[in-house]
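Heads up: the structure comes next, in structure tokens.
Protein chains: 2
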Amino acid sequence: MTRNNAGLSADRIITEALRIIDGQGLRRLTMRRLGDALDVEAMAIYHHFPLGKEQLFEAIVAHISDVSGGSPGDADAESGEVGPGGEDGAAGGAGEPSDSRSWDERLRTWALDYRRALLDHAQALPLFIHRRPDTEAALRTRELHYAAFAEAGLGGADAVQAAAALDSYVTGAVIHEVRANGLPARDPAVVDGRFPHTAALSGIELDPRRRFTDGLDSLLASLRP
Amino acid sequence: MTRNNAGLSADRIITEALRIIDGQGLRRLTMRRLGDALDVEAMAIYHHFPLGKEQLFEAIVAHISDVSGGSPGDADAESGEVGPGGEDGAAGGAGEPSDSRSWDERLRTWALDYRRALLDHAQALPLFIHRRPDTEAALRTRELHYAAFAEAGLGGADAVQAAAALDSYVTGAVIHEVRANGLPARDPAVVDGRFPHTAALSGIELDPRRRFTDGLDSLLASLRP
DNA sequence: ACCTGAACACCGTTCAAGT
DNA sequence: ACCTGAACACCGTTCAAGT
Chain A
1 MTRNNAGLSA DRIITEALRI IDGQGLRRLT MRRLGDALDV EAMAIYHHFP LGKEQLFEAI
61 VAHISDVSGG SPGDADAESG EVGPGGEDGA AGGAGEPSDS RSWDERLRTW ALDYRRALLD
121 HAQALPLFIH RRPDTEAALR TRELHYAAFA EAGLGGADAV QAAAALDSYV TGAVIHEVRA
181 NGLPARDPAV VDGRFPHTAA LSGIELDPRR RFTDGLDSLL ASLRP
Chain B
1 MTRNNAGLSA DRIITEALRI IDGQGLRRLT MRRLGDALDV EAMAIYHHFP LGKEQLFEAI
61 VAHISDVSGG SPGDADAESG EVGPGGEDGA AGGAGEPSDS RSWDERLRTW ALDYRRALLD
121 HAQALPLFIH RRPDTEAALR TRELHYAAFA EAGLGGADAV QAAAALDSYV TGAVIHEVRA
181 NGLPARDPAV VDGRFPHTAA LSGIELDPRR RFTDGLDSLL ASLRP
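Listed in order, the protein sequences are those of chains A and B. Using the UniProt record's numbering, read the first sequence as starting at 1 and increasing by one per residue. Using the UniProt record's numbering, read the second sequence as starting at 1 and increasing by one per residue.
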């Protein structure tokens, strides 16, 4: 009922936008709908994101990408949805208790956390193709990767190549996992005869997480100099 | 000037849609603009794609995904843009002159062709995340992969896993190659000190195609049983 | 069968105005 | 500083109508 000061903030907007994306899909995130969900006129959003929807999209990508890469145990839960809101802020400085795990263990943790974050917001994935977060958190992640590879004995172009391979792997694996999750299982009459290998292998399903970790292990092994 | 029968066809619509996407970006592909480019009222498109834009998007994904996977020599040209229109039709049956090259050579050719197709239409990449073509051509590609892996000695779950890894690799590598092509090269003052590894490696650029083939070779080697 | 024209229920964004 | 309200130039899609 109060006309002004609705308690809007960039964080609240991002969280609500993500809820709409996760629940209804990317195309249904409109400024008007987002405004409604925030109990605010759509135009109020422009006060926090003056550059409009594109700026909001970038903030969403940055938000999802901001996985801690820490906490050794947390990466094992195959939870469906993670509670929103609590993952920012704390422990932001440069003085974390420097990680004592091996370089590959740290990268494994990051990869699993990042995969989970992407899967939890799979509807937002199209935003990631032409956008890369330009934030402190993104820099921390890069530093984490390069530091790990340095410890593994990779420097210079080798480290850059390795980091690219790791990033490519997680992205590609998640997209493969998400792509057309329910393919209509093509008419077997068409398959019969002309596509014998495909027919023979149809119906084989692999545990997605297992496949991810297997591929990841294989990649990390191949990077070891 | 003639009112009716403008010579519209699904193929012409797809080609023109792709031209708009490549030239102006995905969001600027609208039914009205597409109609204008085709010298037709926007609503005419619905006669060829009754399910509307979503059906058009699926057709575009299928069109781009339809790389022959044949012609051993063609994959080496790092051409910027390939002439549209000529890549369908011919040699569609099941009776191609069965490929005599080794299994990994055939997969390499497919991967390079597919990478080129994706790069040539990078603006369409967001469409690929939640859509997988359900066409004969897609089945042919799957069969090609499984046949190659069978020849390599991989069967059952191993072949499925290998095909997934190959698909993931190409997708992930292309997206990495395309993602935020012009990052503004972050303020070096911020980088200084707190991110030493990142600072040390900044400015290192690798030849994208070389990186792709190196990673591909490494993947194929790791799949060999 | 193939395309048009008008109409409907939306969009993102600007801009002046309110408090 | 923070939000509203009206307005502008668009959207995708339906539906009846033309040829």
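Every residue, glycine too, gets a C-beta built ideally from N, C-alpha and C. Because the structure is a prediction, the values reported are computed rather than measured.
Can you give me the Cβ contacts of alanine 17 (chain B) inside the same chain, cut-off strictly under 8 Å, excluding the 5 residues immediately before and after it?
Leu29, Leu34, Leu56, Ile60
Where does glycine 155 (chain A) sit, in a helix, a strand or coil, going by DSSP?
coil
Who are the neighbours of arginine 211 (chain B) on chain A, taking C-beta pairs under 8 Å?
Gln161, Ala164
Is it buried or exposed for histidine 176 (chain A), if we count other Cβ within 10 angstroms and need 16 for buried?
Histidine 176 (chain A) is buried by the Cβ-count criterion.
Starting from the C-beta of glycine 80 (chain A), find all residues in its chain whose C-beta is less than 7 Å away, skip the five residues before and the five after it, and write them out in chain order.
Low confidence applies to glycine 80 (chain A): its pLDDT is 44, below 50, so where it sits in the model is not reliable enough to give any reading.
What separation, rounded to the nearest whole angstrom, lies between the Cα atoms of glutamate 143 (chain A) and isoleucine 129 (chain B)?
28 Å
Within 10 Å of its beta-carbon, does aspartate 66 (chain B) have 16 or more other beta-carbons around it, so buried, or fewer, so exposed?
buried
Counting only C-beta atoms, is serine 168 (chain A) closer than 8 Å to chain B at any point?
yes
Closer than 7 Å between beta carbons: that is the criterion. Which residues of the UniProt domain "HTH tetR-type" (13 to 60) of chain A meet it against chain B?
none
If we define contact as Cβ-Cβ less than 8 Å, is leucine 154 (chain B) a contact residue for chain A?
no
Would you kindly report the start and end of the unbroken alpha helix (DSSP H) that includes leucine 29 (chain B)?
DSSP places leucine 29 (chain B) outside any alpha helix (DSSP H), giving it a letter other than H or E.
If you count every other CB in all the chains shown that lies within 10 Å of the CB of leucine 216 (chain A), and 16 or more means buried, which is it?
buried
Near leucine 118 (chain A), which residues of its chain fall below 6 Å by C-beta distance, leaving aside the five closest residues on each side in sequence?
Val174
For glutamate 143 (chain B), which residues in chain A fall below 7 Å Cβ to Cβ?
Phe195, His197, Thr198
With distance defined between alpha-carbon atoms, name the residue in B:Ala150, B:Gly153, B:Leu112, B:Arg224 nearest to arginine 211 (chain B).
B:Leu112
Indicate whether at least one CB of chain A lies closer than 8 Å to the CB of proline 126 (chain B).
yes
Counting C-beta neighbours from all protein chains within 10 Å, is the total for alanine 157 (chain B) 16 or more, i.e. buried, or is it exposed?
exposed
Find out if the Cβ-Cβ distance for the pair alanine 62 (chain B), proline 133 (chain B) is shorter than 8 Å.
Cβ atoms of alanine 62 (chain B) and proline 133 (chain B): closer than 8 Å.
Which chain A residues are close to leucine 206 (chain B), counting only those with a beta carbon under 8 Å from its beta carbon?
Within 8 Å Cβ-Cβ: Ala157, Val160, Gln161, Ala164.
How many angstroms separate the CA atom of histidine 121 (chain A) from the CA atom of arginine 27 (chain A)?
14 Å
Here's the rule: buried if 16 or more other CB atoms are within 10 angstroms of the residue's CB, otherwise exposed. What is alanine 165 (chain B)?
buried
For the alpha helix (DSSP H) that serine 100 (chain A) lies in, which residues bound it at each end?
Counting along the chain, no alpha helix (DSSP H) covers serine 100 (chain A), and no H or E run does either.
So which of A:Ser222, A:Ala150, A:Arg108, A:Arg19 has the shortest CA-CA distance to valine 170 (chain A)?
A:Arg108
Applying the criterion that 16 or more other CB atoms from any shown protein chain within 10 Å of the CB defines a buried residue, is serine 102 (chain B) buried or exposed?
exposed
Consider the Cβ of valine 67 (chain A): report whether some Cβ of chain B lies at a distance smaller than 8 Å.
no
Considering Cα atoms alone, identify which of B:Ser98, B:Ile64, B:Arg131 is closest to arginine 115 (chain B).
B:Ile64
By how many angstroms is the C-alpha of isoleucine 21 (chain B) removed from the C-alpha of serine 100 (chain A)?
48 Å
In angstroms, rounded to a whole number, what distance separates the CA positions of glutamate 151 (chain A) and serine 218 (chain A)?
19 Å
What residue does the alpha helix (DSSP H) around valine 67 (chain A) start on, and which one ends it?
Unbroken run through valine 67 (chain A): none, as it is neither H nor E.
Judging by CA-CA distance, which residue of A:Leu139, A:Val178, A:His47 is the nearest neighbour of alanine 163 (chain A)?
Taking only the C-alpha atoms, the option nearest alanine 163 (chain A) is A:Leu139.
Are tyrosine 146 (chain B) and alanine 137 (chain B) touching if we call contact CB-CB under 8 Å?
no
Determine the DSSP secondary structure at serine 222 (chain B), reduced to helix, strand or coil.
Correct three-state label for serine 222 (chain B): helix.
Which residues in chain A sit within 9 Å of tyrosine 114 (chain B), going by Cβ to Cβ distance?
Chain A residues near tyrosine 114 (chain B): none, gap ~12 Å exceeds 9 Å.
Does chain B have any CB closer than 8 Å to the CB of leucine 201 (chain A)?
yes
Identify whether glycine 203 (chain A) lies in helix, strand or coil by the three-state DSSP scheme.
coil
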